[in-house]
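Below you'll find the structure, written out as structure tokens, and then a few comments.
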Amino acid sequence: MATSSMPASTSFSPPSSTLSLAPKAGSSTSRDGEMSLVNLAARQRMLSQRMVLQTVLAARGSDLHMKAARSSLTLFTDSQAKLVDTAGHLDAANGDIIRKTYHGPNGVGATIDAFAQQVGTTLDLAERHSPRVEDALARLVESTDSALEALNTATTAFDQVGKAKSETLMKELAGIVASIQTVAREAKVVSFNAQVMAARAGQHGREFAVVANVLSGITNEIDGLSLQAVSLAGRSRGAA
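In this text, residue positions in the sequence shown follow this note's numbering: the first is 429, and each later residue adds one.
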């Protein structure tokens, strides 16, 4: 029988806090919609490390951690599918970045998929109390570093896409604000001309003067809002 390549000193005795490795009630794919893509990608790194420890503890006979590991694996694979699918919902340039990250010549998709598959295989062997579980655990632990590196690469790609999208949004916002300011300036000219015409019309131009004054107030409000938008865009750009 093959023996485990894992040293005896790395027997992974359960620490006192291992109960915290069980997924919390709110940890489900239903919350993924609330997360940005870069945060979702970053969570995959945390889940990968959690799954390894949960799987080791499950192989030691812990039913609690077997259930927890299964739950984490489901969350991991569902999130991974969502991240990979994102490429089809982005613009051409950003979609190409994600596709190359996962499926390009140096793509990390195969490494991540193999890691998840190894977790599942190890859990299956542990549930059957197979004597091959120690070898499977050794392979899983050995693959952890490469999986983490692959997940880091993916997170970096999503961070790059997020920053690019933010920059594009800021440019669009700046263009909208510029258009609003142009309209406001033109409306001020119209308002001023209307007030002049109302003054010339005397008593007959009173109602026209009221409308002109209201228009003037609206243009001043538009000016204030556009300045706020410019300030917000500047702060957002600085925080990106």
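C-beta atoms are modelled at their ideal positions from N, C-alpha and C, and glycine is treated no differently. These numbers come from a predicted model, not from an experiment.
Per DSSP, what kind of secondary structure is residue i in: helix, strand or coil?
i             : result
aspartate 651 : helix
arginine 488  : coil
leucine 532   : The sequence shown places glycine at residue 532, not leucine. Here glycine 532 sits in coil by DSSP.
serine 619    : helix
serine 659    : helix
aspartate 519 : coil
histidine 557 : coil
serine 607    : helix
serine 574    : helix
serine 464    : coil
alanine 496   : helix
alanine 453   : Low confidence applies here, because alanine 453 scores a pLDDT of 41, under 50, leaving its location unreliable and the question unanswered by this model.
Report yes if the C-beta distance between residue i and residue j is below 7 Å; otherwise report no.
i                 : j              : result
leucine 568       : arginine 560   : no
leucine 501       : valine 547     : yes
phenylalanine 586 : valine 466     : yes
alanine 470       : threonine 581  : no
serine 507        : leucine 468    : yes
serine 619        : serine 654     : no
valine 589        : asparagine 641 : no
threonine 572     : valine 480     : yes
threonine 596     : lysine 616     : no
threonine 514     : isoleucine 525 : no
Pick out whichever of the options has its Cα sitting closest to the Cα of residue i.
i                 : options                           : result
alanine 612       : Ile650, Leu597 and Arg478         : Ile650
lysine 510        : Tyr530, Thr572, Val484 and Glu577 : Tyr530
phenylalanine 543 : Thr505, Lys616 and Ser619         : Thr505
glutamate 562     : Ala487, Ile646, Met479 and Leu655 : Ala487
glycine 603       : Gln623, Ala657, Gly652 and Lys591 : Ala657
leucine 565       : Glu577, Leu576 and Gln545         : Gln545
alanine 575       : Asp541, Lys528 and Glu614         : Asp541
serine 558        : Ala496, Gly652, Gly489 and Glu614 : Gly489
serine 464        : Ser594, Gly652 and Gln623         : Ser594
serine 659        : Ala622, Leu601, Asn621 and Glu614 : Leu601
Using a 10 Å radius around the Cβ and a threshold of 16 neighbouring Cβ atoms, would you call residue i buried or exposed?
i              : result
leucine 579    : buried
glutamine 482  : buried
alanine 629    : exposed
glycine 454    : Residue confidence is low: glycine 454 scores 44 on pLDDT, short of 50, so the model does not pin down where it sits. Its coordinate-derived value is still stated next. Burial call: exposed.
methionine 625 : exposed
arginine 556   : exposed
alanine 627    : exposed
lysine 452     : Any reading at lysine 452 must be qualified, since the residue scores a pLDDT of 49, below 50, and its modelled position is unreliable; the value itself is stated next. It is exposed - the Cβ of lysine 452 has fewer than 16 other Cβ atoms within 10 Å.
So, does the CB of residue i fall closer than 7 Å to a CB anywhere in chain B?
i             : result
threonine 483 : Absent from the structure: chain B. Only one protein chain is present.
* Pair every Cβ in the segment 599-607 with every Cβ in the segment 504-519, then say whether three or more of these pairs are closer than 8 Å. => no
* **the segment 469-489 touching the segment 524-538, judged by at least three CB pairs closer than 8 Å** => no
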